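Chemist: Structure provided below as structure tokens; questions to follow.
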Amino acid sequence: MTDIMKRRFMMAALLCLTMMAAGCSNGNTKTTETGAGTEAATEAASEAETGAQTDTAAAKRPDYKALDYVTLGEYKGLPVTLASTAVTDEEIDAEISSTLSQSDKMETLEEGTVENGDIANIDYEGTKDGVAFDGGTDKGYDLSIGSGTFIEGFEEGLIGKKVGESVDLNLTFPENYGSTELAGQDVVFHVTINSIKRAPELTDELAAELSDSEYKTVDAYRENVRKTLQEQKASTRDSQKTNDLMTQVYNNATINDYPEDLVAFMKDQYVDYYAQYAAQSEMELSDFIEQNLQTTEEDFYAQMEEMARQGLRQEMLLKAIAEVEELALDDTEYQERAQKYVDMMGLENIEALENQYGKKVVETNLLLDKALELVEENAVVTDPDEAETEAETGSEAESETESETGAE
Numbered sequence: 000m001t002d003i004m005k006r007r008f009m010m011a012a013l014l015c016l017t018m019m020a021a022g023c024s025n026g027n028t029k030t031t032e033t034g035a036g037t038e039a040a041t042e043a044a045s046e047a048e049t050g051a052q053t054d055t056a057a058a059k060r061p062d063y064k065a066l067d068y069v070t071l072g073e074y075k076g077l078p079v080t081l082a083s084t085a086v087t088d089e090e091i092d093a094e095i096s097s098t099l100s101q102s103d104k105m106e107t108l109e110e111g112t113v114e115n116g117d118i119a120n121i122d123y124e125g126t127k128d129g130v131a132f133d134g135g136t137d138k139g140y141d142l143s144i145g146s147g148t149f150i151e152g153f154e155e156g157l158i159g160k161k162v163g164e165s166v167d168l169n170l171t172f173p174e175n176y177g178s179t180e181l182a183g184q185d186v187v188f189h190v191t192i193n194s195i196k197r198a199p200e201l202t203d204e205l206a207a208e209l210s211d212s213e214y215k216t217v218d219a220y221r222e223n224v225r226k227t228l229q230e231q232k233a234s235t236r237d238s239q240k241t242n243d244l245m246t247q248v249y250n251n252a253t254i255n256d257y258p259e260d261l262v263a264f265m266k267d268q269y270v271d272y273y274a275q276y277a278a279q280s281e282m283e284l285s286d287f288i289e290q291n292l293q294t295t296e297e298d299f300y301a302q303m304e305e306m307a308r309q310g311l312r313q314e315m316l317l318k319a320i321a322e323v324e325e326l327a328l329d330d331t332e333y334q335e336r337a338q339k340y341v342d343m344m345g346l347e348n349i350e351a352l353e354n355q356y357g358k359k360v361v362e363t364n365l366l367l368d369k370a371l372e373l374v375e376e377n378a379v380v381t382d383p384d385e386a387e388t389e390a391e392t393g394s395e396a397e398s399e400t401e402s403e404t405g406a407e
């Protein structure tokens, strides 16, 4: 079960918040969002996953028929291209370098030149038209070269420079930079390199030490890093696949209206969450909104309502698919699917799951899972890993044929 599916269940069960909202909105011009509302929902969802509500609220969640509000488009045969899970030597090197940089194994150099992968300790001052700008100055900052932490050209401009050397970097902030005062602007960074930290060469002894003796050779250690990175890529691409498919389902469909009683219910859940948060801070909700969320009450409530609608979109689409396909769960399938959540969440049994979230919520989410699986199973998938494997197999077969021909 992917992380994104776990998150979707938890949000529906606990606060009925956005269920994989990014899958319905990324790259989607049909969705209108307000930045503060999106941030509020994200924060609320994250906190909600730790357990902010009980099954009492979930039990009162209004039911609805999705096809009363949704006109589905194509949801079968959707094309999706998966990201490759192949791992390069450069990625392995970068991961090992990152691991070493977080350990006490880095070597501090008082002389020498900066190389990619080093951690350069620097003092810097950024100026625009000769005047230092806010946030552009620091001393003793450890910058990982090649990390992309600073704007383009900054880290590259330090490569080859010596310890103790100062350099002026003439750079331009990106057009989409967060600060409107700096976006697209030409600036100069005056940088002094104080020292360099560099990862030592990986040896069998160091590999064993880094892995608590689990891997006693460099080759074994690198292979484990490769497998770990490949697993991470596989998990990420599963989430991307789900998001890509649901974005297409959303773009192909039309949401004509929303069940307003459910929108109001979800909005109340958002508001109640923040009211509890404010109470913990010994603040009135109005003061909390103004001081912590930095918005007005009117905008806050409008944002909560918009996020309630946004959070419903994917649920409504999957529920509509379940209704069209007449999907259902018999007792055996219900038990099997529910048990997966029990195991995932570390609960004692299915009864504990139902007691905590309400059987109605559990049933609904299991049905949404099944609808999503239907979309995924009927997708037309392009997998670059399979293509690469086929190419390698064909190449090996060709080599064997040539070898046999030569032997004759």
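Just so we're aligned, residue 0 is where the sequence shown starts under our numbering, counting upward by one. We put the beta carbon where it would ideally sit given N, CA and C, even for glycine. Note that this is a predicted model, so its numbers are computed, not measured.
#1: Classify S299 as helix, strand or coil using the three-state DSSP reduction.
#2: Is it true that the CB of A198 sits closer than 8 Å to the CB of G116?
#3: Give the DSSP bridge partners of D137, in chain order.
#4: Residues bridged to P78 by DSSP?
#5: Buried or exposed, going by whether 16 or more other CB atoms sit within 10 Å of the CB of A119?
#6: Closest by CA to F149, which one among R336, V130, T171?
#7: Drop a sphere of 10 angstroms on the beta-carbon of G22, count the other beta-carbons inside from all chains shown, and report buried for 16 or more, exposed for fewer.
#8: Check whether chain B comes within 8 Å of T107, counting only Cβ atoms and requiring the distance to be less than that.
#9: Can you give, in chain order, each stretch of the beta strand (DSSP E) that sits fully within the region 223-254 and has at least 3 residues?
#10: When you compare only the Cα positions, how much space is there between T28 and I95?
#11: Can the beta-carbon of M315 be found less than 8 Å from the beta-carbon of A65?
#12: Check whether the Cβ atoms of S194 and V162 lie closer than 8 Å to each other.
#13: Take Y140 and list the residues in its own chain whose beta-carbon comes closer than 8 Å to its own, dropping the five residues that flank it on each side.
#14: With three or more C-beta pairs closer than 8 Å as the rule, is the region 265-278 touching the region 231-247?
#15: Have a look at L346 and R336 and give me their C-alpha separation to the nearest angstrom.
#16: How should P318 be labelled, buried or exposed, when 16 other C-beta atoms within 10 angstroms of its C-beta is the threshold for buried?
#17: Does DSSP classify A182 as helix, strand or coil?
#18: Taking V69 as the reference, which of A321, G125, S97 has the closest Cα?
#19: Please report the residue range of the alpha helix (DSSP H) in which E89 lies.
#20: At a cut of 8 Å, does the region 77-93 reach the region 372-384 through at least three beta carbon pairs?
#21: So, are the CB atoms of L366 and P61 less than 8 Å apart?
#22: Hey, how far is the Cα of M245 from the Cα of A327?
#23: Return the CA-CA distance between I158 and G135, expressed in angstroms with no decimal places.
#24: Go ahead and pull the three-state DSSP assignment for S143.
#25: Taking 8 Å as the cut-off, decide whether the C-beta atoms of E297 and S285 are in contact.
#26: Ignore the nearest five residues each way along the sequence and tell me which others in Y417's own chain have a CB closer than 8 Å to its CB.
#27: Using only the alpha-carbon positions, how far apart do E213 and R225 sit?
#28: Using the three-state DSSP reduction, which class does G50 fall into: helix, strand or coil?
#29: Out of curiosity, what's the CA-to-CA distance linking E90 and V248?
#30: Could you give the distance in angstroms between the alpha-carbon of V437 and the alpha-carbon of E114?
#31: For the alpha helix (DSSP H) containing E73, name the first residue and the last one.
#32: Would you mind sorting G357 into buried or exposed? The rule is 16 or more other CB atoms within 10 Å of its CB.
#33: Under a Cβ-count criterion, where at least 16 other Cβ atoms within 10 Å of its own Cβ denotes burial, should D133 be classed as buried or exposed?
Modeler: Reading from the atomic positions:
#1: Residue 299 is actually Phe in this sequence, not Ser. In the structure shown, F299 sits in a helix (DSSP, three-state: H, G or I).
#2: Contact: yes.
#3: As computed with DSSP, D137 is found in a beta bridge with Y123.
#4: V379
#5: buried
#6: Among R336, V130, T171, the Cα nearest to that of F149 belongs to T171.
#7: Caution applies to G22, whose pLDDT of 31 falls short of 50 and renders its modelled position unreliable; the model cannot decide the point.
#8: The displayed structure is made up of one protein chain only, and chain B is not part of it.
#9: none
#10: Confidence is the limiting factor: at T28 the pLDDT is only 34, short of 50, which leaves the residue's position unreliable and the question unanswerable from this model.
#11: yes
#12: yes
#13: N120, I121, D122, Y123
#14: no
#15: Near 14 Å, if we compare the C-alpha coordinates of R336 and L346.
#16: The residue you asked about is not Pro; residue 318 is Lys in the sequence shown. So K318 counts as buried.
#17: coil
#18: A321
#19: 88-100
#20: yes
#21: no
#22: 21 Å
#23: 20 Å
#24: strand
#25: no
#26: Residue 417 is absent from the model: the chain starts at 0 and stops at 407.
#27: 15 Å
#28: Reliability of the predicted coordinates at G50 is poor, the pLDDT of 39 falling under 50, and the value obtained from them is presented with this limitation in mind. Of the three classes helix, strand and coil, the one that applies to G50 here is coil, per DSSP.
#29: In this structure, the alpha-carbon of E90 lies about 34 Å from that of V248.
#30: Nothing can be reported for residue 437: it is not among the residues displayed for the chain, which extend from 0 to 407.
#31: Premise fails: E73 is in no alpha helix (DSSP H) and is neither H nor E.
#32: Buried.
#33: Exposed: under 16 other Cβ atoms inside 10 Å.
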